[in-house]
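Using this note's numbering, you'd call the opening residue of the sequence shown number 7 and step up by one each time. Ideal placement from N, C-alpha and C gives every residue a C-beta, glycine not left out. Read the structure below first, then the notes.
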Amino acid sequence: MAKQELEVTAHSTAEPSTVYALLRDGSTWPVWSGIERFVLERPGSPEPESVGAIRNFHRGRYKMRERIAELVPDKRFSYTLLSGLALKDYRADVDLTPAGDGTDIRWHTSFRPKVPGMGWIYRRALLKYTEEFANSLAEYAGKQ
7 MAKQELEVTA
17 HSTAEPSTVY
27 ALLRDGSTWP
37 VWSGIERFVL
47 ERPGSPEPES
57 VGAIRNFHRG
67 RYKMRERIAE
77 LVPDKRFSYT
87 LLSGLALKDY
97 RADVDLTPAG
107 DGTDIRWHTS
117 FRPKVPGMGW
127 IYRRALLKYT
137 EEFANSLAEY
147 AGKQ
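Here is the structure:
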């Protein structure tokens, strides 16, 4: 099955450190993202939300289990999807770049559908949610 990719960009007036802190702290996601509930299933090390941590995000009837895959302070936050959608090899990289009065946010996602022929449907739905997340993150961070 073909690999699907999508990319969304947004700009925040906040510094990269502020945007990064919001991404890293799962408890803030329900405040700015449209996620309804967050649960830290398994802490990482050395800090609870370090690489390897498993975070659960609930939205409607969906529960997404995600693992923090990579952290580059104030520059990159990456996670993989463990379960919750009929996808495999899902990875999202959120790159933060200082720009003028704040931060450019680049949210890049790649995945493969588990069901043949469904990639375009997931891509369209995920593009909508990713745009919502990136824009809400940028706006909320700018108010901090």
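Which one or two residues does DSSP pair with residue i in a beta bridge?
| i | result |
| --- | --- |
| aspartate 110 | His17, Thr103 |
| lysine 94 | Arg118 |
| arginine 65 | Tyr68 |
| isoleucine 127 | Looking at the DSSP assignment, isoleucine 127 forms no beta bridge with any residue, so it has no partner. |
Taking the beta carbon of residue i as the centre, do at least 16 other beta carbons fall within 10 Å, making it buried, or is it exposed?
| i | result |
| --- | --- |
| alanine 152 | The structure shown does not extend to residue 152, since the chain spans only 7 to 150, so no value can be given for it. |
| valine 78 | exposed |
| serine 18 | buried |
| threonine 103 | exposed |
| valine 45 | exposed |
If you follow the beta strand (DSSP E) that residue i is in, where does it begin and where does it stop?
| i | result |
| --- | --- |
| serine 84 | 82-89 |
| lysine 69 | 68-78 |
Hey, quick one: how far does the alpha helix (DSSP H) through residue i stretch, first residue to last?
| i | result |
| --- | --- |
| lysine 120 | First-last for lysine 120: undefined, no H or E at that position. |
Exercise. List in chain order: all unbroken beta strand (DSSP E) runs of 3+ residues lying wholly within the stretch 10-54.
Key: Listed in chain order, they are 10-18, 43-48.
Self-check item: the stretch 138-149 touching the stretch 117-126, judged by at least three CB pairs closer than 8 Å
Solution: Contact fails: fewer than three Cβ-Cβ distances are below 8 Å.
Quiz item: Are the stretch 122-130 and the stretch 23-42 touching by the rule of at least three beta carbon pairs closer than 8 Å?
Solution: Judged by Cβ distances under 8 Å, the stretch 122-130 makes no contact with the stretch 23-42, as fewer than three pairs qualify.
Quiz item: Three or more beta-carbon pairs under 8 Å between the stretch 63-72 and the stretch 82-90, yes or no?
Solution: With a cut-off of 8 Å, the stretch 82-90 and the stretch 63-72 count as touching, because enough Cβ pairs lie within range.
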